[in-house]
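Each remark here refers to the structure printed beneath this line.
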Amino acid sequence: MKKFLITTDSGCDLPRSEVDKRGIIPFLMQYEIDGEVFTDTMLPEDLHAFYEKMRAGAAPRTSQINPAQFVEFWRPLLAEGLPILHTGIGSAVSGTYRNACLAAEELMQEIPGAKIYVVDSTLCSVGYGMLVLKAAELRDGGATVEEARDYMEANKAKVNTWYTTDELKYLRRSGRCSRASAAIGTMLQICPILNLDLEGHLIVQERVRKLGPTISRIHEIIGGLVEDAGEQTLMICHSDVEEKARKFGEEIREKFGFRDVYYTYIGATIGANCGPGLMAAFFFGKPRTMKGYAEGE
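Residue numbers are given in numbering that gives the first Met the number 0: position 243 of the sequence shown equals residue 242, and the series is strictly consecutive.
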């Protein structure tokens, strides 16, 4: 018998089949293209179609989950009489965390005995997907909601993530990269290497010419950060470049001895800003710092 419920949002970038199998309940976020509102279904085929629209020139717009939506999402779940443990996209990226806290406070005042624990993941994408998967494992092993919450809080800084892309035009389109930088970077075949600082801000750590040397540099970085690779699953996210992502993931797995690799799509929440072409590796390792990169400090 479950002791508590686990909720997240579709930005966790796990396939819908996986969250359903693990008993994780996602809020399906929405995005807009040319005035039409769509729902992030977390289905690979729909995400492929989403990126094809971007390739054709679409510029999706996303919005955060507001307090009223959280209340509507959680109220029927609380009818089960179980505590809720929630984590979603980090507060440095979106106001969604604050809105979740406001909604949780409202419901706990309204419903006697209701308990909702909201964790600021400080992460994007499958970074917090890893945390909810671990919470589900702990829950199914008999842990309390407080124990699962404490695990998330203690380990969220240990989730390392390294992104790169050779498609700068989408970063320019979303405002993440200036027009001049994108033009020069494309001409010189510059690939940015990005990761998150301790609070979850996305930082460009390095810029390397051409994708091959960029991936080699990411290998060097991972080598200085990963811990107990053989005991964990390497998570690889991509924005509709599956063949590249599988090569990227298999090379990392073989080099560092990860137990296995899990591949998944970057969903619409992050994908609307990065566009097609992004690849990211997620793993547990040395804690992130405020600079985002601990090696050499």
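Think of the CB as a built atom: it goes at the ideal place given N, C-alpha and C, for glycine as much as any other residue.
Spatial distance of proline 111 from leucine 77 (CA atoms): Rounded to the nearest angstrom, the two C-alpha atoms are 10 Å apart.
Please name the residue in Gly248, Glu17, Gly266 whose C-alpha comes closest to that of phenylalanine 281. By alpha-carbon distance to phenylalanine 281, the top candidate from Gly248, Glu17, Gly266 is Gly248.
From the DSSP secondary-structure annotation, give me the bridge partner or partners of leucine 201. Partner residues in the beta bridge of leucine 201, as assigned by DSSP, are Leu195.
The stretch 228 to 239 / the stretch 267 to 282 touching (three or more Cβ pairs under 8 Å): In short, these stretches touch, since the Cβ pair count reaches three.
When we look at the beta-carbon of arginine 287 and count the other beta-carbons within 10 Å, is it buried (16 or more) or exposed? Only buried fits arginine 287, as 16 or more other CB atoms lie within 10 angstroms of its CB.
Scan the stretch 106 to 146 and note each continuous beta strand (DSSP E) run of 3 residues or more that stays entirely inside, going in chain order. Those beta strand (DSSP E) runs which fall completely within the stretch 106 to 146 and span 3+ residues are 115 to 119.
Helix, strand or coil: how does DSSP classify arginine 148 here? In the structure shown, arginine 148 sits in a helix (DSSP, three-state: H, G or I).
For cysteine 190 and threonine 164, the rounded distance between their alpha carbons: Those two C-alpha atoms are separated by around 6 Å.
When DSSP labels each residue in this structure, what does leucine 4 get in the three-state scheme? Leucine 4 falls in the strand class under three-state DSSP.
From Asp196, Trp73, Gly87, pick the residue whose C-alpha is nearest to that of leucine 132; which is it? Ranking Asp196, Trp73, Gly87 by CA distance to the CA of leucine 132 puts Gly87 first.
Stretch pair the stretch 12 to 24 + the stretch 114 to 122: three plus CB contacts closer than 8 Å: With the rule of 3 Cβ pairs closer than 8 Å, the stretch 12 to 24 does not count as touching the stretch 114 to 122.
Closer than 7 Å: is that where the CB of phenylalanine 281 sits relative to any heavy atom of the ligand GTP? Among the ligands in the structure shown, none appear at all, so the ligand GTP cannot be discussed.
Under 8 Å between the Cβ atoms of glycine 266 and serine 62? Cβ distance not < 8 Å, so glycine 266 and serine 62 don't count as in contact.
Nearest to isoleucine 214 by CA position, among Ala55, Lys20, Asn159, Ile251, is which residue? For the residues Ala55, Lys20, Asn159, Ile251, the minimum Cα distance to isoleucine 214 belongs to Ile251.
Can you tell me the Cα-Cα spacing of methionine 289 and lysine 157, whole angstroms? Using only the alpha carbons, I get a separation of about 13 Å.
Considering Cα atoms alone, identify which of Arg206, Phe3, Tyr30 is closest to isoleucine 24. Each of Arg206, Phe3, Tyr30 was checked against the Cα of isoleucine 24, and the nearest Cα belongs to Phe3.
Are the Cβ atoms of glycine 229 and arginine 206 separated by less than 8 Å? Against a cut-off of 8 Å, the Cβ pair of arginine 206 and glycine 229 comes out as no contact.
Assign arginine 178 to buried or exposed, taking buried as 16 or more other Cβ atoms, counted over all protein chains shown, within 10 Å of its Cβ. For arginine 178, the predicted structure reports a pLDDT of 44, less than 50, and the residue's modelled location is therefore unreliable. A value from the coordinates is still provided. Counting other Cβ atoms within 10 Å of its Cβ, arginine 178 stays below 16 and is therefore classed as exposed.
Return yes when the Cβ of leucine 81 is within less than 8 Å of the Cβ of lysine 298, no when it is not. Past the boundaries of the shown model lies residue 298; the chain is included only from 0 to 296, so the question cannot be answered.
Compute the beta-carbon to beta-carbon distance between glutamine 29 and threonine 38, rounded to the nearest angstrom, for a pair I have assumed lies under 8 Å. Confirmed, Cβ separation roughly 5 Å.
Specify, as a first and last residue, the run of the alpha helix (DSSP H) that glycine 248 falls within. Where glycine 248 is concerned, the enclosing alpha helix (DSSP H) starts and stops at 241 to 255.
Beta-carbon spacing of histidine 85, isoleucine 64 below 8 Å: With contacts defined as CB atoms closer than 8 Å, histidine 85 and isoleucine 64 fail to qualify as a contacting pair.
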